[in-house]
Amino acid sequence: KAGVTQTPRYLIKTRGQQVTLSCSPISGHRSVSWYQQTPGQGLQFLFEYFSETQRNKGNFPGRFSGRQFSNSRSEMNVSTLELGDSALYLCASSQGRDFLTDTQYFGPGTRLTVL
Amino acid sequence: ELKVEQNPLFLSMQEGKNYTIYCNYSTTSDRLYWYRQDPGKSLESLFVLLSNGAVKQEGRLMASLDTKARLSTLHITAAVHDLSATYFCAGSNFGNEKLTFGTGTRLTIIP
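Chains as they are written, first to last, in my numbering: chain A, 1 to 115; chain B, 1001 to 1111.
Listed below in structure tokens is the structure:
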């Protein structure tokens, strides 16, 4: 079974630009979550989508947005990039139901550098 | 709001020794996870713990959960170099996929 895939793996942008990251979940998984990882703040939850609907949202500004398509693939968009947005962005997929041992499986991440 | 704390942040240990990483959480967490991250890599799921007294083992790693103390531990037995990585614990609650992570413990095994 293929794992979670993310594209692109690396991205360099300049301040003020916008960026779109893509995530394809494990087949059969309907929930996709996004996390930001930085040395200073650690791993922080951005948002989660299930069946094309945002179910949960973390404490990030409105510049961070996402969506999910009918095939469960998800995209994350960051507008008006700031230097502080440089991070590893991780996508995770899970079945998204309250199975007791439902586990989130992470993709390889997209390393975003903002200059 | 769930908060998760790990200690120690850094751990350097010799091969063959035993050690424990601690994970405290602030409020009820229905699920407690342990993940491993190698440098420059993504997160690999190790364990999910649900109930008080739960214990899971995989190779030289054993995780346990004490819901009354709001404490989970990851015990490393007879460490080998391949276990060098950063280990994260994370909590979540049913009905909410959000994982709240601890700060991570960077483990270095010295030959």
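By construction, the Cβ of each residue, glycine as well, lies at the ideal position given by its N, Cα and C atoms. Fair warning: this is a prediction, and the values are worked out from it, not measured in the lab.
Can you tell me which of the options puts its alpha carbon nearest to the alpha carbon of residue i?
{"i": "A:Thr-189", "options": "A:Gln-41, A:Ala-2, A:Trp-34 and A:Gln-68", "result": "A question about residue 189 of chain A goes unanswered here, because the residues of chain A that appear run from 1 up to 115."}
{"i": "B:Glu-1001", "options": "B:Val-1080, B:Tyr-1025, B:Tyr-1019 and B:Ile-1076", "result": "B:Tyr-1025"}
{"i": "B:Val-1048", "options": "B:Thr-1103, B:Thr-1077 and B:Leu-1099", "result": "B:Leu-1099"}
{"i": "A:Val-32", "options": "A:Ser-74, A:Thr-5 and A:Ser-22", "result": "A:Ser-74"}
{"i": "A:Gly-107", "options": "B:Glu-1005, B:Leu-1107, B:Ser-1045 and B:Ser-1072", "result": "B:Ser-1045"}
{"i": "B:Thr-1077", "options": "B:Ser-1051, B:Thr-1108 and B:Glu-1015", "result": "B:Glu-1015"}
Can you look up residue i in the DSSP assignment and give me helix, strand or coil?
{"i": "B:Asp-1038", "result": "coil"}
{"i": "B:Gly-1104", "result": "coil"}
{"i": "A:Gly-84", "result": "helix"}
{"i": "B:Asp-1082", "result": "helix"}
{"i": "A:Glu-48", "result": "strand"}
{"i": "A:Gln-36", "result": "strand"}
{"i": "B:Glu-1058", "result": "strand"}
{"i": "B:Asn-1007", "result": "strand"}
{"i": "A:Thr-103", "result": "coil"}
{"i": "A:Val-19", "result": "strand"}
{"i": "B:Ala-1063", "result": "strand"}
For residue i, decide whether its Cβ has a neighbour in chain B, counting only Cβ atoms nearer than 8 Å.
{"i": "A:Phe-106", "result": "yes"}
{"i": "A:Arg-30", "result": "no"}
{"i": "A:Arg-55", "result": "yes"}
{"i": "A:Gly-62", "result": "no"}
{"i": "A:Thr-110", "result": "no"}
{"i": "A:Thr-101", "result": "yes"}
{"i": "A:Leu-43", "result": "yes"}
{"i": "A:Glu-52", "result": "no"}
Look up residue i in the DSSP assignment and give the residues it is bridged to.
{"i": "A:Gln-68", "result": "A:Ser-74"}
{"i": "B:Gly-1091", "result": "B:Leu-1032 and B:Thr-1100"}
{"i": "A:Leu-115", "result": "Bridge partners of A:Leu-115: none, in fact."}
{"i": "B:Val-1048", "result": "B:Tyr-1033"}
Is the CB of residue i under 8 Å away from at least one CB in chain A?
{"i": "B:Ser-1042", "result": "yes"}
{"i": "B:Thr-1108", "result": "no"}
{"i": "B:Ala-1019", "result": "The sequence given here places Tyr at residue 1019 of chain B; Ala does not occur at that position. By this cut-off, B:Tyr-1019 is not an interface position."}
{"i": "B:Glu-1005", "result": "no"}
{"i": "B:Phe-1088", "result": "yes"}
Since residue i meets chain E, which of its residues come closer than 8 Å, beta carbon to beta carbon?
{"i": "B:Val-1055", "result": "Looking at the structure shown, chain E is missing, and the protein chains on hand are A and B."}
Within the chosen definition, does the region 1025 to 1035 of chain B reach the region 47 to 63 of chain A through at least 3 CB pairs nearer than 8 Å? no
Would you say the region 15 to 23 of chain A touches the region 76 to 95 of chain A, given that touching needs at least three Cβ pairs under 8 Å? yes
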